[in-house]
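Worksheet: the structure to be examined is printed underneath.
There are 2 protein chains.
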Amino acid sequence: MFSEKVITSLNKSSWIRAMFEEGARLSQKYGEENVYDFSIGNPYAEPPLKVVETLKKYILSDEKGMHRYMSNAGFSDVREKIAKSLEKESGVALNANHVIMTVGAAGGLNVVFKSLLNPGEEVLTFAPYFVEYNTYVDNHGGKLVALPTDPATFEPDLAILEKGITPKTKAILINIPNNPTGVIYSEEKLKAMDQLIKRKESEYNTTIFILSDQPYAEIVYDHMKVPSLLAIFDNAIIVNSFSKSLGLAGERIGYIAASSRIKDVDLLCNALALCNRTLGFVNAPALFQKVVGDTLDAKVDIEGYKKRRDFLYEHLTKLGFECVKPQGAFYLFPKALIADDIEFVKRATKYNLLLVPGSGFGCPGYFRMSYCVKFGMIERSIAAFEKLVEEFK
Amino acid sequence: MFSEKVITSLNKSSWIRAMFEEGARLSQKYGEENVYDFSIGNPYAEPPLKVVETLKKYILSDEKGMHRYMSNAGFSDVREKIAKSLEKESGVALNANHVIMTVGAAGGLNVVFKSLLNPGEEVLTFAPYFVEYNTYVDNHGGKLVALPTDPATFEPDLAILEKGITPKTKAILINIPNNPTGVIYSEEKLKAMDQLIKRKESEYNTTIFILSDQPYAEIVYDHMKVPSLLAIFDNAIIVNSFSKSLGLAGERIGYIAASSRIKDVDLLCNALALCNRTLGFVNAPALFQKVVGDTLDAKVDIEGYKKRRDFLYEHLTKLGFECVKPQGAFYLFPKALIADDIEFVKRATKYNLLLVPGSGFGCPGYFRMSYCVKFGMIERSIAAFEKLVEEFK
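Chains as they are written, first to last, in this note's numbering: chain A, 32 to 424; chain B, 32 to 424.
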């Protein structure tokens, strides 16, 4: 009666819903403070003061026409500000025409895939990866191919990448800092990747776009910096959101920026704006376009996230968990204590621990924890982890 | 290098862009007040005072967590309020589970089509119709079939509908008040349609959904009322937005409501929430969900629209234009003075009149005017229409 494909997806994801329901059941039974829910990446952080003040300024200004439609690409003054900020960071000349405001990064990725993909074309990415990428690519007739990474670092393996690139490869999707590992690929690795891609492009006479999904780019620790993919790759398309950097996840505000070095970039940007409309986004929410345009230099409190990372990483590794130390984002991706990560996560619920199996990220044998939660809950969870470890000894 | 399909669409729509560019050129040359731009449905009306005050209340409250993710279906308190408002209007029992908050009606329609359509299934609609319906249905593997209407009333012709329904018909998309005609189908017509559909459903052993795209439902004149499709059709799905009723077009806020009479409605609503996520909308913008939930009884100034409709209808018919008098929305859809509506619209630009050809709505020989513009412009345009009519005498 409904879409068979969608109903199949619903059934497949029913175990995730079952887990959330189990979480809700546990919370009701034991009290919310006694359930350790590390399952969802819903940032606890409030927007920075500057964002709150800017929002007030716009709302109190009673400016006429503030909530009307604008061009499908968004307000040009906001796009110009974002372009100049990226230009400064990357050294690549950009202006408003290269930027399209979007309904978050999820909206932006769908707009990019719709604009780029012909039937059967492939998008490569590196496991573990955000599982929705499969659906986003499939929505527009493409095929996602996830390549394994080096388990010691979760960095791409260029020999595997070389074999993975085919004449059908339309794009390579890079997510740094990575969800779920928190890893930032090194500039050297990315530069070597650029050389490899250029070689394959000339071998196959194709163009391969580098898509950077970078909603966590501002959430980095230890003075790390995310390398500028615009600076490294000619055919770079940046997809970003303010969900994490400004604590605005529910407001759905982000952007796409296409490098001015892309051949026919104007045609591409027209296609992006058209797809923003035809996919039903129409335009990014008006008020928050204005707000983010005025607060590009603002950032949520990173120290709070760092404190959580340090505490959890220290305690979990002390308990014997193997884990690559995250350099950004707000996730840990430790190795499960048995090979079957789904079974492991199920057994963790006995101690009121809600985790997500690595299988959900194309990387079985691991589990993800979101530490964008209250610090007190993290502290209290350690005793539960101790019991969990005890069970597997 | 990019999606061939998208580039083809871009080229096809290039004459529209050319017209807009011509409009901008004319504005620059003659001054904005001397160009009569009736081309875009971007409501001039500001949000009602209650909406503005509610927005201020939320922003000044400094409530924590206001901008975070919520469930993909939206805030349950807001959904419950919408459900109860629709229940009161239709007599059909509804609760929060039947309502999914969306990124406007455009987002809502895409979510509905994704959730319903299997490859090759058909969606019927009535011409003239909002041309984006083609893309929305095509995005999800379906096929839009537009049926002609009675040119004297622009109401559906049930004999044509009967022939149009096939075993592949998954849904019938109804838009009242209609864009571009402003026509509201009568309750009698809709009830007869229901009988016909029931007969065809049992003939083919299928389920046919009635999709009501009703962003103009609150913009009606002369004490007209839009019949409740929830009350008339068992398999009704309402798609609505606050773009026009509350003047919030740029903020992208709307909803889907599925009738509790639909078999397996819970499964359908789970599918809708899933598709809201997987299509990249994730959730409707958080702040404006809260705002519309508190202002469901508010409405933009309808008298202003009525004044425009009356003035334009009176003057254009006096000048000899044939036109069905709109009962709602903010469009006029008169007959062009020659059969070739695209040529007609091109020649109108000579008098600085920007109109949209009926061909863009699957109905050649007519043109659309959006009268959601400043009244002074409408007044000044009459002299230009006089000259245009003179040219075709």
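Beta carbons: idealized from backbone N, C-alpha and C, even for Gly.
- Under a 10 Å Cβ-count criterion, Leu384 of chain A is classified as buried, with 16 or more other Cβ atoms of the shown protein chains found around its own Cβ.
- In the DSSP assignment, Pro388 of chain A is bridged to A:Phe398.
- In the structure shown, Phe319 of chain A adopts helical secondary structure according to DSSP, grouped into three states.
- Assigned with DSSP and collapsed to three states, Leu363 of chain A falls in strand.
- For Gly138 of chain B, the closest C-alpha among the options A:Val270, A:Thr166, A:Asn307 is that of A:Asn307.
- The beta strand (DSSP E) runs of length 3 or more contained entirely in the stretch 133-180 of chain A are, from start to end of the chain, 153-157, 174-178.
- According to DSSP, Thr237 of chain B shares a beta bridge with no other residue.
- Note: Gly285 of chain B is bridge-paired with B:Thr133, B:Ser272 in the DSSP secondary-structure output.
- The count of Cβ pairs closer than 8 Å, one atom from the stretch 313-322 of chain A and one from the stretch 333-353 of chain B, stays below three, leaving the stretches out of contact.
- When Cβ-Cβ separations below 8 Å define contact, Phe361 of chain B makes no contact with chain A.
- The three-state secondary structure of Val251 of chain B, taken from DSSP, is strand.
- With a threshold of 8 Å between beta carbons, Lys231 of chain B makes no contact with chain A.
- Leu125 of chain A is positioned such that its CB atom lies no closer than 8 Å to that of Thr156 of chain A.
- For Asp332 of chain A, the closest alpha carbon among the candidates A:Ile239, A:Ala76, A:Leu117, A:Thr326 is that of A:Ala76.
- Taking a cut-off of 8 Å on C-beta distances, the stretch 103-112 of chain B does not touch the stretch 255-269 of chain B, as fewer than three cross pairs fall below it.
- Contact of Asp295 of chain A with chain B by beta-carbon distance below 9 Å involves Met32, Phe33.
- In this structure, Arg399 of chain B lies near Gly389 of chain B, with their beta-carbon atoms less than 8 Å apart.
- Closer than 8 Å to the CB of Val313 of chain B there is at least one CB belonging to chain A.
- Using beta-carbon distances, Arg110 of chain A does not count as an interface residue toward chain B, since no partner is under 8 Å.
- Between the stretch 238-246 of chain B and the stretch 269-279 of chain B, the count of Cβ pairs shorter than 8 Å is three or higher; the stretches touch.
- For Cys306 of chain A, the nearest beta carbon of chain B is closer than 8 Å to its own beta carbon.
- At a beta-carbon threshold of 7 Å, the residues of chain A lying near Asn73 of chain B are Arg99, Tyr100, ordered along the chain.
- When Cβ-Cβ separations below 8 Å define contact, Gly195 of chain B makes no contact with chain A.
- Beta-bridge pairing by DSSP links Ile205 of chain B to B:Ser243.
- Between Lys87 of chain B and Leu91 of chain A, the gap from beta carbon to beta carbon is short of 8 Å.
- Contact between Tyr397 of chain A and Phe364 of chain A holds: their C-beta atoms lie close to 5 Å from each other, under 8 Å.
- Relative to Asn170 of chain B, the option among B:Asp181, B:Pro182, B:Glu152, B:Pro187 whose CA is nearest is B:Glu152.
- CA-CA distance, His346 of chain A to Pro357 of chain A, rounds to 14 Å.
- Contact note: Glu282 of chain B reaches chain A through His98, Pro316, Ala317, Leu318, using a C-beta cutoff of 8 Å and chain order.
- Taking the C-beta atoms as reference points, Val130 of chain B is found nearer than 8 Å to Ala288 of chain B.
- Interface flag for Val387 of chain B against chain A is unset, since no Cβ pair is found closer than 8 Å.
- In the DSSP assignment, Thr200 of chain A is bridged to A:Glu153.
- Residue state for Ala267 of chain A is assigned as strand, using DSSP reduced to three classes.
- Between Thr212 of chain A and Phe185 of chain A, the C-beta spacing is below 8 Å.
- For Tyr252 of chain B, same chain residues with a beta-carbon under 8 Å away, outside a window of 5 residues either side, are Ile333, Tyr336, Lys337, Arg340, Pro357, Gln358, Gly359 in chain order.
- Chain-ordered, the chain A residues with CB closer than 8 Å to the CB of Ala302 of chain B read Phe33, Ser34, Val37, Ile38, Leu41.
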